[in-house]
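Peer 1: Taking the numbering used here, the leading residue of the sequence shown gets 291, the next gets one more, and so forth.
Even for Gly, the Cβ is constructed at its ideal location relative to N, Cα and C.
None of the values given here were measured: they were computed from a predicted structure.
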Amino acid sequence: MDAHGRRAAQARPAPLPALLFLGAVLHALHLLDFRDGLPEVFHPSNRRHRPQAHECRRARELLGFKAVNLVLYVGLPIYLVGFLPWLTGFLVSTAVAGFVLSMVFQLAHTVEDAAFPVPCAITSKLEDEWAIHQVRTTANFATDNKLVSWLVGGLNFQIEHHLFPKISHVHYPAISKIVQQVCAEFDITYNNYKHTRSAIASHVGFLRQMGRTA
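Below is the structure:
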């Protein structure tokens, strides 16, 4: 692995345990909602000032929607089918959803061809400017597959998603052709896996590569 992979190699996960862990990502996102939505609770330094009106409103909205979520996805199903059937369905559905969601992002970032640049030891700055950094550290997959593009909401065009996050994904196929032309003109690697299976293979290969790195 070259210098670009040093930071990523520190984790050194084994492929199978790492893939199984992805199923828990949905539960982690639920917890992060509370951390980010209620900073005055999770970050003591924020308690020094009186909460502003918009912070209180945000906290009420977060807690309100979480309460609705608990009623619809926990309370009501338990009432209708019982605790054990609900628990089984809940664990299976969230594990599958979490695995699929996280795999989409893994295939777009943690693959063998994506770069993992580290800042200069002297200046603490990255060598590439912003746009080049986005291209080199991400990867596209199955961009010719309309079904995949629809299922993942255009996130298989991850390079374009990073470069133009506020543009609708329906325009990514056309934009990607322009981006590829510009990358070719300036000799910048444009990472694109033709099929989802090839991106998955590259991700697993990347995990194995990190596991072998001392």
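DSSP three-state label for Y483, please.
Peer 2: If DSSP states are grouped into helix, strand and coil, Y483 belongs with the strands.
Peer 1: Excluding five sequence neighbours on each side, which residues of the same chain lie with their C-beta closer than 8 Å to the C-beta of F380?
Peer 2: Only Y363, V364, P367 meet the Cβ criterion.
Peer 1: Please work out which residues of its chain come closer than 7 Å, Cβ to Cβ, to H493, disregarding the five sequence neighbours upstream and downstream, and give them in chain order.
Peer 2: If we look at H493 and ignore the five residues flanking it on each side, its Cβ neighbours are Q396, L397, T400, V401.
Peer 1: What separation, rounded to the nearest whole angstrom, lies between the Cα atoms of Y480 and L374?
Peer 2: Spanning the two alpha carbons is a distance of roughly 48 Å.
Peer 1: Please confirm if the segment 469-489 is in contact with the segment 419-430, defined as three or more CB-CB distances below 8 Å between the two stretches.
Peer 2: At 8 Å Cβ cutoff, the stretches touch.
Peer 1: Taking all protein chains shown into account, decide if F355 is buried (16 or more other Cβ within 10 angstroms of its Cβ) or exposed.
Peer 2: Answer is exposed; the Cβ neighbour count stays below 16.
Peer 1: Classify G388 as buried or exposed, calling it buried when 16 or more other Cβ atoms lie within 10 Å of its own Cβ.
Peer 2: Looking at its Cβ environment, which holds 16 or more other Cβ atoms inside 10 Å, G388 is buried.
Peer 1: Let's see if you can read the secondary structure: which residues bound the alpha helix (DSSP H) around L359?
Peer 2: First, the amino acid is wrong: residue 359 is Asn here, not Leu. From DSSP, the alpha helix (DSSP H) with N359 extends over 343-360.
Peer 1: Drop a sphere of 10 angstroms on the beta-carbon of V425, count the other beta-carbons inside from all chains shown, and report buried for 16 or more, exposed for fewer.
Peer 2: Label assigned to V425: buried.
Peer 1: Under DSSP, the alpha helix (DSSP H) around H423 begins and ends at which residues?
Peer 2: First-last of the alpha helix (DSSP H) with H423: 420-426.
Peer 1: Touching or not, the segment 433-444 and the segment 460-480, by the rule of three or more beta carbon pairs under 8 Å?
Peer 2: Yes: the two stretches touch, three or more of their Cβ pairs being nearer than 8 Å.
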